[in-house]
Structures are given as C-alpha cells and as structure tokens.
Amino acid sequence: MIVVKRLIAIFGILLMLFLAPAGLLADNEGRIRKVVIDAGHGGKDPGALGKHSREKDIALAIALKTGGYIEQYLPDVEVIYTRTKDEFIELHRRAQIANESQADLFISIHCNANNSSQPYGTETYVMGLHKSKANLDVAQKENAAILKEEDYQTEYEGFDPESPEAYIIFSLFQNAFLDQSLEFASLVQSQFKERVGLRDRGVMQAGFLVLYRITMPGVLVETGYLTNSKDEKFLMSEKGQVYIASAIYRAFKEYKKEMEKDLPEVIVPEHQPFMETEEPVGAYEKPDTKSELAKAEGKTYFRVQFATSAELLKDYSSRFKGLNDVDFYEHNGLIKYTSGNFFSFKDANKHKNNVRKKGFNDAFVIAVKDNQRVDLKAARKAQP
Ligand SMILES: [Zn+2]
C-alpha cells in the first residue's frame, strides 16, 4: 500500500516537473533551501551547567525540535544538523559542515549561564565585536569549548578563548552577511518576546568562533539562563522546549518569506507528511456523543490535552490513531490537541488514563469554556 502511494507521489511530482514552466523549478537563486541547525556542545563538553541540567542536552532537544518543525512544515527546505546525538563536535568542524553544504542560514542553539542566579531571558548574537563586557563574557564562555579539542592551538592559530585581548582580531572582521544575520536575529527575538512571552535581552554582537568561520548568514541563540531557576525549569520542560523551538521555526519561516519575496513563485510539490498511514478511517472510535452537548455555549466541560504543534496539523482528527473526538484550541501561537468532552471531571480523568495508555504519557485534563482553557481548580469546584 505504502509502495503504491509512493509511486503515485513520485509520478505526481514528475508530472508537475514536466508541466512546470521551464526555469521556475530550476532557479534556486536567492532562495532559502538549506539551513544548518547546530546544537551547541555535546559529548565530553557539557556546556553550561544548571542545578539539574546540562546545556548540551537542552540545546540538542531544542535543535531537533526546531529542525523537525522545518522539515515538517517547510518541505522545500533541507535541514542539516551538526549533531543529532550526544557527541563532541569541534567548533571548526561545525562551521565546515555548514560551509561544505553551502547552506543559506546557520542557527546555533545554546543556553546561557552567569555567576549570579539573577539574570534570565533570551539573547541572539550575530558575529561582530562586542560592545560590552557582558557580551564578551558570553563569547568567552562559548569559545572555551575549543579547549576540549585535541589540536586547538594549531586549528585556531594560537587563539586563546579566555584572553580578552585575543578578541581584538574580531574588530578586523568584515561581516558580509551582517544585514541578513541581524534580520534573522531580530525575528527570533521578537518571536521569543511576542509569541512566547520570554524576556528579550536583545540582539547582540560578539566574537564567536563558530560564527567567525561560516560563509553564510548565521546567529547564535542563547535560549535562557541555566543558572536562573525559572529559566532552567522552563528550558528543561517539554513545553518550554516546544515553545522555544516553534519560535525559532516561525522566525525562520518569516525570514525565508522576506528573503524570497521578490522572487518568482515556485511550484513546490505539496507535502503530505501524514499520507502514509494505513489505518482506514473507519477504524477510529466513534466520536463522543456528549461532545455536541458539552460544547454548548457558556458551559464548562473537561477535555484531555495530549499534544502540541507549531501549526495546525493537516488531518489532525485522523492523525492521532485510536483517540476519539480530537479537537484543538490555540494558545500562545501554538495548537493544543485534546480528546473527548466531559461534563464530569471524574470521567475526564478516566479518559486521561486511556489516552496515556495509547502512548501520550503526558496527557492531562483541562477545563474549557467557549473553546478557551479556564482554571481547572475553579471548574472542579463549580461542579454540581
Ligand atoms: Zn553554549
């Protein structure tokens, strides 16, 4: 079945290529077609340490989610990862991967740290000379990763990441991609601020070796401070990682749109990531008959929330196998999926256990009124 569908899909694409006006598909000039997602640190280099977390783990989780959203929702973009597991990759090697792939954008994902537990929030850096000691500190901390490399003195021509004087070389750096890098950096920061509600510490410049060596626009995102307990908790949570990754994804989508706005439209074969399901529609459980009643205006009812995505999934109702009465609502720019509608919290809680058994381990009960999430405690209290 899958093979047949694939053949049909391939035939379809070939047909589209054949019918497409010449030149439209061949001309990739100026388009954003390849992005490198660089999860900072890895392997023997843990990066910054929080009380309960390591930068390398969080950076990887966010990097994989960000890349996943781009692959899923922007099928004409190829995502290249510098690492997809917990392994040590030299800084120069990361830049080399990006340069060899001739990527259009480089996104390096990190977490910040400070001697004080006070600072919190997000920063996005582009390559340049630091304008403050604080920015120099961040670059020094990130560049210190090379001290774990075997041959760093030769590889970086004697550059000492810990000596402030060494950073003077970056004042000679001509950043050919400064405008694009700044453009993307500010899109990332405004997504963090406006869509996720995170503190925007701004777009900054500093001498990061990994950005120094790339031959394309690039940024280094500091997604929060592991030394701040609130930031750390957020960055360690599945929800926090999804929010951060979807913000970077949306910034990328906007950047791509902006960069391509004056180019002729290109025919892109429609992406159908969920086509390869063999489950016939009839196999799903019947919708909950209570649902229509429960959705009556002004009434409070309970649903089981089990998944989140950056954009509404196509065919969402049939995508989640075996879950009945799948619905969604939007919150903070993300789509939340729920199953079932119940007047009684007890019934909803029972249903939650079933949803968890089907693999959605973090499913939980929410209270809803007029398709908006409301306070669960209050809703339970108000129950007859
Ligand atoms: Zn880092």
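So my numbering is basically just the index in the sequence shown, starting at one, shifted up by 44.
All residues carry an ideal CB built from backbone N, CA and C; glycine is no exception.
- In this chain, the beta strand (DSSP E) harbouring F350 covers 344-353.
- Distances between the C-beta of A92 and the heavy atoms of ligand 1 include at least one below 7 Å.
- For L149, the enclosing beta strand (DSSP E) stretches over residues 149-156.
- In this structure, the alpha-carbon of P90 lies about 29 Å from that of A354.
- R400 carries a helical assignment under DSSP once its states are collapsed to helix, strand and coil.
- When distances are taken from the beta-carbon of E131 to the heavy atoms of ligand 1, even the shortest one reaches 7 Å or more.
- Within the region 202-279, the complete alpha helix (DSSP H) runs of at least 4 residues fall at 222-234, 253-256.
- Only residues of its own chain outside the window of five on either side were considered, and among them V79, V121, V123, Y293, F296 have a CB closer than 7 Å to the CB of I114, listed in chain order.
- Relative to L231, the option among V286, I151, G172 whose CA is nearest is I151.
- Only buried fits Q235, as 16 or more other CB atoms lie within 10 angstroms of its CB.
- By the neighbour-count criterion, in which 16 or more other beta carbons inside 10 Å mark a residue as buried, A422 falls on the exposed side.
- With respect to L255, Y211 sits apart: the two C-beta atoms are not nearer than 8 Å.
- Ranked by Cα distance from L108, the first of G241, V286, E193 is V286.
- Per DSSP, the continuous alpha helix (DSSP H) segment holding S290 begins and ends at 282-303.
- The three-state secondary structure of L378, taken from DSSP, is strand.
- Counting the other CB atoms within 10 Å of its CB gives Q416 a total below 16, which places it among the exposed residues.
- Non-local beta-carbon contacts of S290 in its own chain, meaning distances under 7 Å to residues more than five positions away in sequence, involve Y113, A354, L378 in chain order.
- Relative to the non-hydrogen atoms of ligand 1, the Cβ of G384 never comes closer than 7 Å to any of them.
- Relative to ligand 1, the beta carbon of G84 is positioned inside 7 Å of a heavy atom.
- Boundaries cannot be given for I190, as no beta strand (DSSP E) includes it and DSSP labels it neither H nor E.
- With a cutoff of 8 Å on beta-carbon distance, R243 and Y164 are scored as near each other.
- For A83, the enclosing beta strand (DSSP E) starts and ends at 78-83.
- For the 8 Å CB-CB criterion, S225 and V263 form a contact.
- Judged by DSSP in its simplified three-state form, T168 adopts strand.
- By the criterion of a C-beta distance shorter than 8 Å, D130 is surrounded in its chain by G86, G87, K100, D101, L104, once the five residues flanking it on both sides are discounted.
- Contact annotation: E276 and G94 have beta-carbon atoms nearer than 8 Å.
- Counting along the chain, no alpha helix (DSSP H) covers R127, and no H or E run does either.
- When DSSP assignments are scanned along the region 84-113, no uninterrupted stretch of beta strand (DSSP E) that is 3 or more residues long falls wholly within it.
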